Structures are given as C-alpha cells and as structure tokens.
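See structure below.
Protein chains in written order, with full-length UniProt numbering: chain A, 1 to 570; chain B, 1 to 570.
Structure (structure tokens):
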C-alpha cells in the first residue's frame, strides 16, 4: 500500500549511530537471486560442518552466535526475494539490494549495509548489537506511532485550543474535519428525551458481537426505507461495529490475504489510508482522477470504467493480487453523487473481473441539492454480484454524531457477515449507545418532519455562504450537491505548484488558526486542492472565512516580497 | 500461537476436490535448502532466457503464465524456508516439505503436493485452478470465521434462549461467561440518575482518539486511589479503548513484529487467544501450571520463577523471539491473587530478560475474601522496569458492566501510549458512554458506601452457596478469594480422562441447558477442569446447580449403562 511503503522508507531515529548507509545502485532481481545462491551455498556448507559436530551443548551456544546471525541475514534476503517476487519484480520493479557480509561479527571484512527495513534486521542480530538500536516498540509500532503523530498532530492541538465564540475567540476553527455541526441543537434535544435513557440487564451485559438484534433490525428497516430497497432488508445481513473504519478494517482483513490489494478511486478519504496502516496492511492501489476536462471526461475528476480497467490491468501486470474496488458514494472529498447508470457500470466492471466492491455510503444523508437523486446500491432491483457487494454506512455524517462511533455493514454474503461479526469482540459499541441509536433511527416522524428538512436547509445556507465567499475571492471549486465539504482549487496560490508549497499554504492557514484538509491527505495527484468543510455554525463560518482570506492575503504578500527580493538581487 | 497453528491445519472444505495429498516424510531444513537451490538455479536459468527475448508484449503474456506459476512456487518455498529459519529449525524442528514441480502446467511430470497452507498457494496459481477452490473470504478470513463459530456458537445460541424466571424457565443459564450480575439493580439505579444523561457538543463529535481528557483524568484518579499508587497517576499515561481485548490487541501489535511471542501463564483467559487470532497474530507461548502439589509447589497451579525461566529458555532455544510476559492478576480462571513478593519476583524475572510485562488487572474489583490483600503493580514504590510494565484494566468485572465495552491501558512508556492511542481510531467509545463512565468512577461516595460493600457481600453469599453445593457433591475446587468464578475439578466424571470426554461432559451440561466453560478453552493441559461462574442471582444459581447435579447424575448413569453393556458383552 502506498501509505505503508512510504512508512517503510521512513528514517528511524534510533538508527543514526549505526554508521550504516544505503547502497546507491539498484540492481534487479537477477542480482539478488545470484547473491542469494551464494549465501545459500555458504550457509549449507556451514550447516554441514555444524551437523558433524558432536557436542550438542556446544552447538547450541554457537548457534546463538554466528549461525543465528547468518540465519538473520538469510531470512532478511529471502524476505526481500519473496517481496520482490510477490510485487512482480521481474518485469520492471527494482529495489535496494542489501549487501551483508556473512561474517558480521565485526573486525575486518565487508561493512554491513542497510536493508530496506533496518531495525527488523537489527532485532535479529545479537543482543549487544540490538541494544544499540533498542526501542520498546516493534517496527510496525514505530510506523504506526509516526503515522499517527503526523496525521493527527494538528487535530490534537486543535482539541486543546478549540474556538469558542465567548470563551476562546482566538482558538482554532477546524474546517479540515468532516463534521456536521449544524444540528447539534436538534440532536441534543432528541437525545435528551426520556425514551433515550432506558436501561435493562441486556444493555449492561455482553452483547451479540455483531450488534444487538434490536439495533440490527432497526438498521435493516431504516436502510430499507431510506435507500428505497426493492424488498425488506435482512437484519441477519447487518453487522454493527464501532465506526465505519472499524468495518473497513475488518472487511478488508477477511477479504484479503497479506499483500492483496484493493483499487480505490483517488482522491479518497484519508481515514482509509490510516486504517490500513493500523492492522490490516492491505494495499490501496489508487485510480487517479484528473481535474482536467478532456474528450473522455466531461467534468473534472470524472470516474470512468476505462480508468478502472486501465488501473486494474496495470496492477495485474505488476503482479498485484487485486481483490476488489472501493467506492465512496456520495464521494469524499469530491462531493460527487454517482448516477444510477454510472454506478451500474462500475458494479458491472467489478463483476467482470471478479472483484469485491466495498461501497461506503456514509454520506447518503448529506445530499443537500434536491435536484440530484442519490442511488444506494441497496436500491437496485438486481445487483450484478450481490455476494461481492458490501455496503458501509453510519450516522456520523448524516446525523452529525461522529462521537457515537457507529458503523454498519450490509452484505448478502453470509460468510462475510459471520467473519466481520467476529470483530465485534474488539470493536463493540456500548449497549446503552446501541439503544439510543435504535431509538433515533426508529423515530421517523422526527427524522422526516424535524431533522431532515432543518438539516437540509441549514446545509444549503451554509454551502451558499461559503461558495459566495469563494466566488468573491475568485477561487474555483467543485459544486456537486452532497457532502459536508467543498473541494477547493488553490493552485493559483502555489508557486511553484508543488506539494511542498501546498504544505506551506496549509501551515499558513494553521498560523491563522484555521485547519483545512490539504489534497495530499487524500492522495490527490495534483497539488493545490483543499477540502473545506462548510457544515458549521454561521458565526464560526464567518470567522473562519475571514481567516481564510487573511491567510491568502498573507500568501500574496509573501510572493510580492519574494519577487522584490529577486528583483533587488538578494 | 497455539490457536493459530491449530487453525492452519484446519481442513478447508473447498479443497476436497483438488486431489492433493500431504507428504509423509519430514525432511529437515538441509533438504529444503538443497531443493531451494535447485529451484533457484532453474528459475535463474529461465529468467536469463526470458531476458534475452526481445518482444516485451509477448514476454508480459508469458510472464502471466509459466513464470508466474514458477514464482508462486518459489514464493511458497522461500516462505517455508523463512518460517523454518525463524522457528530455529536447524536445531530440532522439522516440517512438511512441499514437493512442487516447476512445470505445474499439468500433463506429465511430478504431481503437485499440498504444502502447509493449501489455499494460499492455490490463490497464487492460475485463475482456472484457483476457481476450483474459490471462496469469498481470504485464508485468514476463513480461519477467523471458523474460530468465531466454534468459540461462540453456544454463546450465540444462549443469547437466543436465555433463562428467565417468568418468561423462559426452560431457557439456558450461562455460568460459562464471566459476568457479574449481582448488582445490576444498583448499577441501573445509579446509571439512571440525571447526572448521567448530560449531553454536550464535544460528546457528539470526534474525540481525542486516546479517550476524552475528562475520562482519562478520572481513570488516573480512580486508579491512584483504588490501586494505592504511591503518587498521583498521570492521565497522559492512560489510553481508553472499546474493551480490554482491544487494548490487548493494540498493545501486542505495537510491541511485536509478526512472529514475535509472549509468554502467558496457562490456563488463561480464552479471550486473549481469540483476540490474537483476529488481527495481530502474536504467538502466545504457554507456561503451563500443574494441579499437583510437589516439593516446589505448595499449592495447585502455583506459578514460580523457575517455570517462567524454563519456558523462556525453551522458547529461545527453539528460536522464538519472546517479547514479553502476560500476567492476569487476580487470575482468570484460577482466582489466584499474587502476593506482593511473588509479583515482584515475576517483574524482576521479566526485567532480567528484557521482557515487557502486560498485566491484566481487570479482576481487581472482584476480591471478595477480605483477608487476602490485592497488590496492583501500580501500588509499587518502584517498578523494576516501569517502561516495560503495561497495566490493563476495565469496569466489566468489578462493576459488572461488560456491555459498556470499556478498557484502559496505563503505562509509563510514552511511545506505547502514543502508538496504542492511535487505535482509538478503530476502537473508540461513544462520548456519551465516556461521560457515564466518568461520572460512575467519580462517585466515590456511592462506590465506597453503596456499591462495594453490597457487591462484596453478595459475592460472598453466592460463592458460599455454590461451594456448599460443590462440597455436597464431593467435587474438588480451588478457593482463592477473587474472581467471579470457581475452578472446578471434574476429572472424576471423565473416563478416560481426556479432552474428548471433557467435551462430552460439556455437552451434557449444555443438554441440561447449562453453559459452563471447559478447561480446554483456557488451554489447560489437564482435562477435567471447568470454570463455573457464581456471580449470578440466587434463584438462577439454584436452578443452575440443580441442572449441574442432574448432568452429573446422567453422566454416572451413562457409565453404569456402559459398564453393564461391557459385562453383558454387547
């Protein structure tokens, strides 16, 4: 996975003192195979000698010294070959070849050089050496910690310095997070009613790990109604876990063997990248969309079957084992809503190539443009491949209660239901929360007459406000009718148009106490795009947009100064 | 891990028609290395030929046929060698050697034979072959689903047929699950008070992934007080996730690389086995305790440093990379409470060998024998290795609210706090539940004056009732003063004393609508032990013990009939 391979190359602070250095040339698999053969010859020779030795005790001791070190090196090299072969390296891929002396006990001989995953090897070497690179975390622990810190550093800082209209007017405003804060008043009122506070023995005890039956039944009823399913959905096809990313994590794990891959339409929700880096290690192969309009693409960032087909074939040529396709509809971060025909084309494509489809419909409750119809895959009379179509949904976006940590899976595939359900053991939701969710989804009168119309009109108003401000600033953006955010084009403010400059602009917003989400987080291949959340309260939006304008003004001043310096020859 | 390796050998239903068979002889690593050399020679020869071919398009096509298959076989073999080397195979271990023809395109030549993980290879082979073993789940998905079904089948059946004193008197009573149902009345009353139903914006939105600051602060205060910590514990050292197994899952992942191991005192809580089978794949190496009293062991199932040391050295000789030790104190399933001296010895042992210690103290609130003091590791003036001592705790047992799905980690190790905290992204608890937990832990007056004394006296009473019934039946058991269960010796009812007979007895209880937990689930090495939960309401306990007696009576009748048949020569 892109994210994973990035982190593999991350320098490890603890390695500094090792005096190891990476090798310059990148020989192909052939050289690695030859080197491996030499090593195996040498190893088998030593093994023969060792087998001749009679004293078992002595052998054991030696084993833990030189033989163990040789084994470590051999394991390392074999691992490289396995990786290489699995990545289809023979055709084109090249990698850094570690050159490791079999005699690594120091003194003369060849200097050990750094392989791709440095501390893995050092762990396998003798204790004295490992001590130099001692770290309490495993390699993956180090990667996760680094990835978490880099992904959430600013979010954590924001948590400690939130803007408040009275108490902290200089605090940070977060338009980088996709949260719906428009109807907290309605939700607070509804969740405070007495029916919510029911408690019984079952709610306090261990639940069915797939979710309490009462909630799974209500989810099935809710989705039947709001997705316009042709027939009543089956509660036995529902699994309830602590958030949609928990569902994604469990689902990809039970569908993929290590090293398997999923295609994902890019730019895409950054949470899937982070999720994949935690437990599962599934590779997300990006199907990049372009902002440019061409003959084939009638609108920016258009998804076509051609693009899917091309990405799949390229991946397969590289030897990737592609197990499926991830779709997000309505799309995050673009706000696109797929037409019924397009959706069917994507599903037909997946069926043609025996691909699973994970379709994340968490934004279905965020369609604020009533002229654009949303089509859930659950509304289809007949799915091309029902056993390989898996729907994710939750209440975080439509209902604006991300703090409930609720995500659900709907799939006709009984094997998948059972295997994902097992993960409720680790991703369970408290019984009292399950009860509240059930009551909320049950209350159609409140949803249809109070919540939905109010939420829609507030979303429209907030969207109008932000887009008007963007228009005034002459900033291009996508307007697609759904989502809690706007995909904004700030390329004009990057010079040169690089991801480094995008990051600088991101930091300039942050200096103005405004969090936005840069396109890089969504793996967008073009620098300069930002996702800007609009579903916040009017006053906060106003302050945020003032800060936004201010940051862009500063960006312009910075250019002027830079140009002045150039002209003055500084 | 034991559990894992069991499931590796599980027959895959879909494989039946393949006509593959496992090979009889078990040649050691030497033969594998030689075979590998042959394969590499052959492979590199073919690779050379291929590189000479000019037409790229043609090469690509060929690549996806014969070369790809060769690669699959090579990957398989290399994987075996890596496993073998990592398992320290050169000293003693032997394994099944797959004999695979390089020319696997059918027709003549050697017949492909089944390696250890059959369907993994088949996935790598050509599509036409894979189709025969097609399954929507990955190998690990298949294993997880099978493990879930076998582990929770009876629990799920129980969920649908729970005993109820009025509504379902013929329903199932579950004394196999460790739940505290003695004070649901008190909890329901406390959780229904108005302070519990508070809602604010922050509770409905994304939290700090390590847990809301207010809850982490309260957990630190609570543990400082009830664990008698020498100084105020730091909320920054607390991580809150959806249950103790979620903590265990994240913790072992960030401490272990794939294939690393932890020692675990056995018998042990079956949830750790299941957790390890879901995401992490850490090997749990059992340190078996014995029921027999010997010179060294003054009581049954005694843990000594000698046993730890022996298990560690044996594991290391086998080439295992042991990263730490899991302790459960008070113990599940034994009910043991470690003395301060013993605890210190175990911690010193771990420090001596650079081992992490994961200590699960979830049962600290279940000490019902007031004469036995409980010592949390958090109470120690100075821990031998504070950076490698990680405490797990939750409210499921002491407070009897397993349905809250709340688990917490306390560790001085900032790296571990950060890395485990990242998993809040997948194992978050709803904000409203976090609020309720905080209020509960905060209410010391209610805890000290109402909850704790009532809970303790009800536990004592229930424990007395069950042990009296056991005494009447002349059934031996351990009485250790903590836990929600009694470790019961039913060896007398097994003939022969095997795990098969244990399973039959388990089913006999089930036929009498009584769920108990057999020792096998705790990896106990001696058949005949059962864990029997006593923390249930008096009426249910009475009915349950009647069923228990009835099942044992039936077991005796079954023997008599069997012996009669023997005598009559049937």
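Where is the CB? At the ideal position from N, CA and C, for every residue including glycine. Given the structure is predicted, the values throughout are model-derived calculations rather than measurements.
Assuming the contact rule is C-beta atoms closer than 8 Å, residue i and residue j should be a hit. Round their C-beta distance to whole Å, please.
| i | j | result |
| --- | --- | --- |
| residue 486 (chain B) | residue 478 (chain B) | 7 Å |
| residue 355 (chain B) | residue 325 (chain B) | 5 Å |
| residue 412 (chain A) | residue 387 (chain A) | 6 Å |
| residue 278 (chain A) | residue 425 (chain B) | 7 Å |
| residue 484 (chain B) | residue 397 (chain B) | 6 Å |
| residue 227 (chain A) | residue 455 (chain A) | Actually they do not touch by this definition, with Cβ atoms about 18 Å apart. |
| residue 187 (chain A) | residue 204 (chain B) | 6 Å |
Mind checking which residues open and close the alpha helix (DSSP H) that includes residue i?
| i | result |
| --- | --- |
| residue 184 (chain B) | 184-191 |
| residue 464 (chain A) | 452-472 |
| residue 216 (chain B) | 213-226 |
| residue 280 (chain B) | Looking at the DSSP string, residue 280 (chain B) is not in any alpha helix (DSSP H), and its letter there is neither H nor E. |
| residue 447 (chain A) | From DSSP, residue 447 (chain A) is part of no alpha helix (DSSP H); its letter is neither H nor E. |
| residue 247 (chain B) | 244-255 |
| residue 425 (chain A) | Premise fails: residue 425 (chain A) is in no alpha helix (DSSP H) and is neither H nor E. |
| residue 548 (chain A) | 538-567 |
| residue 204 (chain B) | 201-204 |
Return the bridge partner residues of residue i from the DSSP annotation.
| i | result |
| --- | --- |
| residue 286 (chain A) | A:264 |
| residue 173 (chain B) | B:514 |
| residue 324 (chain A) | A:262 and A:356 |
| residue 162 (chain A) | A:172 |
| residue 241 (chain B) | B:407 |
| residue 142 (chain B) | DSSP, once it has assigned bridges, lists no residue as partnering residue 142 (chain B). |
Once the 5 residues before and after residue i are set aside, which same chain residues still bring their CB inside 6 Å of it?
| i | result |
| --- | --- |
| residue 245 (chain B) | 271 and 275 |
| residue 336 (chain B) | 480 |
| residue 434 (chain A) | 212 and 215 |
| residue 338 (chain A) | 329 |
| residue 442 (chain B) | 218 |
| residue 305 (chain B) | 345 and 349 |
| residue 250 (chain B) | 420 and 423 |
| residue 120 (chain B) | Here residue 120 (chain B) scores only 33 on pLDDT, less than 50, and its place in the model should not be relied on; the value that follows carries that caveat. Only 139 meet the Cβ criterion. |
| residue 162 (chain B) | 171 |
| residue 225 (chain B) | none |
| residue 545 (chain A) | 469 |
| residue 232 (chain A) | 224 |
Can you name, in chain order, every residue of its own chain whose Cβ lies under 7 Å from the Cβ of residue i, other than the five neighbours on each side?
| i | result |
| --- | --- |
| residue 381 (chain A) | 230 |
| residue 282 (chain B) | 1, 252, 256, 260, 261, 262 and 276 |
| residue 367 (chain B) | 330, 337, 374, 481 and 482 |
| residue 405 (chain B) | 242, 243 and 429 |
| residue 549 (chain A) | 473 |
| residue 502 (chain B) | 494, 518, 519, 520, 527 and 528 |
Grab the span of the beta strand (DSSP E) containing residue i for me, first residue to last.
| i | result |
| --- | --- |
| residue 489 (chain A) | 485-489 |
| residue 304 (chain B) | First-last for residue 304 (chain B): undefined, no H or E at that position. |
| residue 421 (chain A) | It is not in any beta strand (DSSP E) - residue 421 (chain A) instead sits in the alpha helix (DSSP H) that spans 414-421. |
| residue 410 (chain A) | 407-411 |
| residue 480 (chain B) | Per DSSP, residue 480 (chain B) belongs to no beta strand (DSSP E) and is neither H nor E. |
| residue 531 (chain A) | 529-533 |
| residue 392 (chain A) | 389-394 |
Three-pair Cβ contact test at 8 Å for the region 400-412 of chain A versus the region 370-380 of chain B
no
Could you say if the region 522-536 of chain B and the region 483-500 of chain B meet the contact criterion of at least three C-beta pairs nearer than 8 Å?
yes
How about the region 207-225 of chain B and the region 454-466 of chain B: do they share at least three Cβ pairs that are nearer than 8 Å?
no
Pairing CB atoms from the region 358-366 of chain A with CB atoms from the region 307-319 of chain A, are three or more of them under 8 Å?
no
The region 514-524 of chain B contacting the region 174-190 of chain B, beta-carbon criterion three pairs below 8 Å:
yes
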